[in-house]
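Just below is one structure, and these are the notes that go with it.
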Amino acid sequence: MTKHFINLNDLSNNDLQQIIDQAIALKKQHKSGEINNALQNKTLAMIFDKSSTRTRVSFEAGMTQLGGHALFLSDRDIQLGRGEPIIDSAIVISSMVDAIMMRVSSHDDITTFSQHSSVPIINALSDESHPCQLLADMMTYQEYNGSIKGKTVAWIGDGNNMCHTYMQAAKAFGFTLNIATPKGYEPEQSFVSQYADFINLCADAQTACDNADLVVTDVWASMGQESEQTKRETAFKDFQVNTALMESAKSNAIFMHCLPAHRGEEVSANVIDGKQSLVWNEAENRLHAQKALLLFLLG
Ligand code: CP
Ligand code: NVA
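Structure representation (structure tokens):
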């Protein structure tokens with residue numbers, strides 16, 4: 002059966018851990034200058050209907066580093082963007098390439114596409130989740146602080162796609178996730194019910210950060226929510242990760258953010274650019290985590 006990576010829980014906890022360990026090894030191998038051509042003659046199609054810096058560059062560079070090729074397909078250029086049915090596109094594109102990465106607005110479209118694809122489909126961000134980012138985040142935590150099992154993670158801000166995937170990661174990697182969001186911006190109820198044993202919905206950001214080993218946030222308005230920016234700035238004003246908030250966490254707590262970030266909104270400049278922040282390592286690790294994912298799916 003074709004393996005897909007549409008949500009973190011598509012893979013077993015063991016497989017996820019194996020991917021993280023492999024990612025750390027691939028990073029060392031790359032930095033040592035050793036060549037790895039494991040994906041020679043393989044092609045990854047990358048379908049985007051939303052902007053991207055990290056995801057596009059990391060998948061494309063990752064395929065090059067493994068001896069393969071990546072194909073950038075913007076919805077402005079392919080017939081899918083002009084209304085060719087998802088199912089027809091899935092059948093045709095998957096008949097020509099070895100894997101397909103998709104960043105499209107609707108999570109359901111990724112699921113439909115995967116049901117008609119003969120090759121692995123990777124969710125590169127949907128309105129529901131962002132599993133590739135969590136591979137990089139878990140890799141980064143492990144590199145800098147060892148296992149995340151039994152630790153406390155604080156999610157501050159919007160109950161969005163990143164928050165949902167952190168909920169899934171809490172179960173898969175065995176940590177407790179404290180979530181603080183403004184009222185009306187909680188994660189989807191289906192996620193709250195499914196991951197209830199691994200999360201605490203907190204009354205405020207301070208409580209969520211109490212004794213946390215890792216503090217994570219994301220933009221207040223995600224892609225597609227630009228018209229809500231002003232309304233959200235008011236709703237989220239008490240949910241900025243700043244020095245005062247980081248002081249509620251453990252003294253050696255790490256800060257992460259998937260980026261792009263808005264300094265002065267969800268995070269203060271002195272936190273994201275400060276000593277506790279691992280955001281640059283986290284971004285770089287997208288490259289190695291996804292190479293490990295591609296090897297796993299195409300292996
Ligand atoms: N974090 C992330 O997915 O970044 P991009 O939107 O730049 O790909
Ligand atoms: N929540 C953000 C993540 C960007 C990587 C968005 O969906 O725009």
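According to my numbering, the sequence shown is numbered sequentially starting from 2. Beta carbons are placed, not taken as given, at the ideal position from N, Cα and C, and that holds for glycine.
Gly185: which of Leu136, Leu45, Ala204 and His289 sits nearest, CA to CA? For Gly185, the closest C-alpha among the options Leu136, Leu45, Ala204 and His289 is that of Ala204.
Between Lys292 and Ala100, what straight-line distance do the alpha-carbon atoms span, to the nearest angstrom? Answer to the nearest angstrom: the Cα atoms are 12 Å apart.
With which residues is Ser278 paired in a DSSP beta bridge? Phe256.
If Val280 and Met257 are in contact, beta carbons under 8 Å, what's the gap, nearest whole angstrom? Contact flag correct, Cβ pair sits at about 6 Å.
Please determine whether the Cβ atom of Asn306 lies at a distance below 8 Å from any heavy atom of ligand 2. Residue coverage of the chain in this structure runs from 2 to 300, which leaves residue 306 outside it and unanswerable.
Residues bridged to Val105 by DSSP? In the DSSP output, where bridge partners are listed per residue, Val105 has none listed.
At which residues does the alpha helix (DSSP H) containing Val272 begin and terminate? Per DSSP, Val272 is one residue of the alpha helix (DSSP H) stretching across Ala270 to Ile273.
CA-to-CA distance, Leu40 to Met64, given in whole angstroms: Cα to Cα, Met64 sits roughly 7 Å from Leu40.
When we look at the beta-carbon of Arg233 and count the other beta-carbons within 10 Å, is it buried (16 or more) or exposed? Buried: at least 16 other Cβ atoms inside 10 Å.
Determine the contact status of Ala125 and Met103, defining contact as a CB-CB distance below 9 Å. It is a contact, given that the beta carbons lie within the stated cut-off.
Taking the C-alpha atoms as reference points, what is the distance between Ala254 and Phe73? If you take the alpha carbons of Ala254 and Phe73, they lie about 37 Å apart.
Drop a sphere of 10 angstroms on the beta-carbon of Met2, count the other beta-carbons inside from all chains shown, and report buried for 16 or more, exposed for fewer. Met2 is exposed by the Cβ-count criterion.
What are the boundary residues of the alpha helix (DSSP H) that Ile20 is part of? Start and end: Asn14 to Lys32.
Secondary structure at Val220, three-state DSSP: helix, strand or coil? Reduced to three states, the DSSP call for Val220 is coil.
Residue from Leu260, Ala137 and His165 with nearest C-alpha to Ser127: Closest option to Ser127, Cα to Cα, is His165.
Closest residue to Phe176 among Gln190, Glu187 and Ala197 (Cα-Cα distance): Among Gln190, Glu187 and Ala197, the Cα nearest to that of Phe176 belongs to Ala197.
Under 9 Å between the Cβ atoms of Ser75 and Asp110? No, these two residues do not count as a Cβ contact at 9 Å.
If we ignore side chains and look at the alpha-carbon of each, how far apart do Ile122 and Ile88 end up? Using only the alpha carbons, I get a separation of about 13 Å.
C-alpha gap between Leu199 and Leu178, whole angstroms: Leu is not the amino acid found at residue 199; the sequence shown has Phe there. Rounded to the nearest angstrom, the gap between the Cα atoms of Phe199 and Leu178 is 6 Å.
Could you pull the DSSP bridge partners for Met163 from this structure? Residue pairing by DSSP leaves Met163 without any beta bridge partner.
At which residues does the beta strand (DSSP E) containing Asp154 begin and terminate? One detail in the question is off: residue 154 reads as Val in this sequence, not Asp. That run of the beta strand (DSSP E) goes Thr153 to Ile157.
Just the Cα atoms here: how many angstroms apart are Lys238 and Asn271? Inter-residue distance for Lys238 and Asn271 is about 17 Å (C-alpha atoms, whole angstroms).
Is Asn162 buried or exposed, if buried means 16 or more other CB atoms sit within 10 Å of its CB? Residue burial annotation: Asn162 is buried, with at least 16 other C-beta atoms found within 10 angstroms of its C-beta.
Checking the sheet assignment: what are the DSSP bridge partners for Phe114? Paired residue(s): none; Phe114 is not in a bridge.
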